[in-house]
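I have placed the structure first, in the form of structure tokens, so that the comments after it can refer back to it.
Protein chains in written order, with the working numbering: chain A, 70 to 431; chain B, 70 to 431.
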């Protein structure tokens with residue numbers, strides 16, 4: 070097992086806010102960072118080194134990978150060829166398998182279901198003609214999603230009745246898709262699990278998440294999830310992490326259907342640090358970002374213990390313009406990502422409101 | 070009052086670990102940093118921009134200061150001419166007065182005593198011939214310290230009896246000095262106070278500090294200081310901060326003599342974030358580093374509330390080689406500064422052991 074000593078360099082594919090917070094976590098541990106991204110992003114301001122290059126510029130990618138001690142990534146849509154090229158020069162953690170599974174919704178659902186874990190009913194949709202058959206399989210209401218490159222609600226269209234099939238197909242641009250039966254869930258939660266190179270596993274307390282327009286708005290801990298359900302959620306996440314021989318932080322988003330035979334249903338997985346774990350920066354001894362860095366560097370995991378209750382709200386688009394009021398709010402931990410332009414729907418920062426821990430862990 | 074908006078740049082004179090942790094705190098708030106230092110240091114790895122230049126290269130200093138929105142510093146021995154040059158181009162916070170006072174031990178003691186605040190007996194020593202008179206004034210045991218450029222126990226020599234005067238004078242290199250009567254203190258504490266541009270003040274809980282060989286080894290909160298003494302300690306620190314019209318984090322080191330007429334005696338002040346406040350990174354909602362940045366950026370102060378008890382130990386020289394064992398210790402928050410060479414006496418990092426808060430604040 071190759072571990073990276075203090076003074077070594079973590080290479081990060083991607084230059085967004087997740088890369089930024091990973092770079093800061095690495096710096097706490099005396100590690101340097103080298104960002105590879107195709108345009109200057111928030112991570113570049115705090116990284117030790119940056120390479121701006123196209124993800125299909127394999128010469129630039131391999132030069133980058135040779136300059137670092139390990140390569141990780143902050144977004145799941147890293148092209149597989151890019152990851153493979155990097156891996157010829159440096160260890161890649163998490164491994165390519167996690168990317169393969171996570172960047173195609175059909176592969177992901179098939180993989181999770183293949184582990185015997187509960188997922189929503191789903192069917193492949195390769196063409197408009199497929200849709201009627203798929204609707205018959207999943208039932209309605211359902212949601213049509215492109216297999217690839219969807220995020221934050223993009224590339225998705227609802228299908229409430231068979232008559233809406235054509236409109237949905239047009240809305241997603243007629244790309245290879247998956248139809249998923251809608252689940253009547255009570256709430257959404259996510260398990261943030263971290264797995265070390267030696268297979269050691271740790272979990273953060275499970276947040277309850279609220280989305281709006283497909284974008285995460287809020288994560289709250291404790292989640293009030295019953296203990297038995299929380300145990301089951303962790304078991305599901307562990308099953309996925311182990312099946313992927315995963316190293317690093319993995320987020321598994323789940324629907325909660327309390328009191329049913331399968332109270333936790335996997336929605337999607339993200340092979341990276343996750344927005345629903347941002348509260349760990351302010352409410353835990355060691356954040357998700359530091360634990361991801363520890364794991365990919367081959368270090369022991371840090372304590373995931375939560376010392377405070379927390380509510381994390383994303384600051385989306387112009388909401389970040391309220392920074393002065395948020396900075397003045399007692400107990401509010403403000404995080405801004407240094408993005409210049411507060412475009413609609415763009416994650417500009419987040420605020421975590423912490424208070425002395427009262428609830429039981431979930 | 071000029072405040073720096075997110076996306077703006079904080080200029081920091083000095084590139085050591087304090088600058089590094091300030092830069093990371095600025096990044097949390099969406100602020101960029103620009104380090105000015107005379108050789109590459111730990112802060113450069115995480116800063117957005119770095120200028121390497123001599124502190125007496127006024128062209129480089131003013132070019133740097135023009136490129137940023139506010140200038141602050143991470144060490145008190147910034148030459149006054151450098152600070153003055155920077156201030157012609159950008160606001161300097163804290164202002165030059167704090168540097169003037171803090172970089173000369175005689176000026177500092179005279180200033181604090183002039184505020185009516187308790188200090189150890191002291192006398193100026195301009196020459197070896199002065200020493201006998203000074204010893205008569207302060208009594209023995211005493212300690213001879215150079216007026217300027219001493220830190221971490223350097224430039225100091227004990228004087229246990231008048232016969233040791235010549236040896237002490239030689240030991241400190243015969244520079245302009247101050248003789249300070251030794252105080253029979255029970256413990257050492259420090260007040261970390263932060264003052265905003267509008268005069269708002271906040272305090273962190275007061276740590277009890279242990280030194281060895283003139284270097285801080287450990288800071289513990291809560292300190293078990295009696296409440297009345299803690300109040301007095303805060304009042305002393307506020308008096309100094311207000312007299313300096315201070316903006317930012319100020320550390321005031323004090324001796325504690327419980328049950329005496331003057332239970333708190335000022336030892337020295339540091340016009341900057343301070344090693345005895347490193348635990349605030351892991352035990353408080355908003356760290357000393359973030360609050361310094363908030364203050365100098367003209368932002369409202371953040372909550373200094375402590376959510377956990379904490380023991381901070383410095384990792385000095387080869388102690389940092391134990392990083393792997395420390396990383397594996399549950400509840401230990403490890404911080405390494407990215408310094409390449411673990412030289413004797415060099416602060417390489419620190420570890421803060423946190424546990425759920427049990428004590429009363431001090």
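Ideal Cβ placement from N, Cα and C applies to all residues, glycine included.
Who are the Cβ neighbours of residue i in its own chain at under 8 Å, not counting the five residues just before and after it?
i: residue 257/B; result: 277, 278, 279, 280, 322, 323, 324, 325, 336
i: residue 253/A; result: 326
i: residue 303/A; result: 260, 262, 272, 275
i: residue 310/A; result: 262, 264, 270, 319
i: residue 414/A; result: 221, 282, 284, 385, 386
i: residue 162/A; result: 139, 140, 141, 266, 316, 317, 364, 365
Between the Cα of residue i and the Cα atoms of the options, which residue gives the shortest distance?
i: residue 81/B; options: 218/B, 152/B, 306/B; result: 152/B
i: residue 166/A; options: 198/A, 341/A, 130/A; result: 341/A
i: residue 212/B; options: 238/B, 195/B, 196/B, 187/B; result: 238/B
i: residue 343/B; options: 78/B, 76/B, 90/B, 79/B; result: 90/B
i: residue 378/B; options: 138/B, 107/B, 349/B, 332/B; result: 349/B
i: residue 317/A; options: 293/A, 358/A, 189/A, 92/A; result: 358/A
i: residue 224/B; options: 245/B, 232/B, 210/B; result: 245/B
i: residue 339/B; options: 297/B, 124/B, 143/B, 128/B; result: 143/B
i: residue 136/A; options: 241/A, 360/A, 392/A, 157/A; result: 157/A
i: residue 115/B; options: 285/B, 127/B, 84/B; result: 84/B
i: residue 397/A; options: 104/B, 355/B, 169/B, 241/B; result: 355/B
i: residue 365/B; options: 332/B, 150/B, 139/B, 313/B; result: 139/B
i: residue 102/B; options: 125/B, 134/B, 126/B; result: 134/B
i: residue 129/B; options: 110/B, 111/B, 155/B; result: 155/B
i: residue 109/A; options: 117/B, 112/B, 109/B, 123/B; result: 117/B
i: residue 34/A; options: 182/A, 141/A, 314/A; result: For chain A, the structure presents residues 70 to 431; residue 34/A sits outside this window and is missing.
i: residue 206/A; options: 215/A, 192/A, 198/A, 196/A; result: 192/A
i: residue 106/A; options: 199/A, 268/A, 148/A, 174/A; result: 148/A
i: residue 168/A; options: 332/A, 196/A, 346/A, 313/A; result: 313/A
Excluding sequence positions up to five away, which residues of its chain have a Cβ less than 6 Å from the Cβ of residue i?
i: residue 420/B; result: 382, 395, 401, 403
i: residue 429/A; result: Since pLDDT at residue 429/A reaches only 48, below the 50 mark, its modelled position is unreliable, and no value is offered.
i: residue 56/A; result: It is not possible to answer for residue 56/A, since the shown part of chain A is limited to 70 through 431.
i: residue 431/A; result: Residue placement at residue 431/A is poorly supported in this model, since its pLDDT is 45, which falls under 50; the coordinates are not used for a value here.
i: residue 87/B; result: 143, 342
i: residue 351/B; result: 402, 421, 423
i: residue 19/B; result: Residue 19/B is absent from the model: chain B starts at 70 and stops at 431.
i: residue 175/B; result: 193, 216, 247
How far does the alpha helix (DSSP H) with residue i in it reach, from first residue to last?
i: residue 358/A; result: 357-365
i: residue 388/B; result: Where residue 388/B is concerned, there is no enclosing alpha helix (DSSP H), given that its DSSP letter is neither H nor E.
i: residue 296/B; result: 296-312
i: residue 91/B; result: 86-97
i: residue 350/A; result: 349-352
Kindly identify the DSSP beta-bridge partner or partners of residue i.
i: residue 378/A; result: 424/A
i: residue 323/A; result: 258/A, 335/A
i: residue 416/A; result: 385/A
i: residue 119/B; result: 104/B
i: residue 113/B; result: Partner(s): none; residue 113/B has no beta bridge.
i: residue 140/B; result: 80/B, 161/B
i: residue 317/A; result: 264/A
Please report the residue range of the beta strand (DSSP E) in which residue i lies.
i: residue 132/B; result: First-last for residue 132/B: 127-135, but that is the alpha helix (DSSP H), not the beta strand (DSSP E).
i: residue 246/A; result: 246-250
i: residue 78/B; result: 78-82
i: residue 279/B; result: 277-281
i: residue 401/A; result: 401-405
i: residue 271/B; result: 270-272
i: residue 285/A; result: 284-290
Which same chain residues end up closer than 7 Å to residue i when comparing Cβ atoms and leaving out the 5 residues on each side of it in sequence?
i: residue 308/A; result: 184, 186
i: residue 172/B; result: 145, 146, 217
i: residue 362/B; result: 79, 91, 94, 95, 98, 100
i: residue 367/A; result: 70, 71, 72, 73, 266
i: residue 201/B; result: 231, 234
i: residue 189/A; result: 249, 250, 252, 334
i: residue 411/A; result: 386, 387, 389, 390, 417
i: residue 424/A; result: 377, 378, 400
(request) Quick one: which unbroken alpha helix (DSSP H) runs of 4-plus residues sit fully inside the region 153-233 of chain A? Chain order, please. (result) 165-171, 174-183, 199-207
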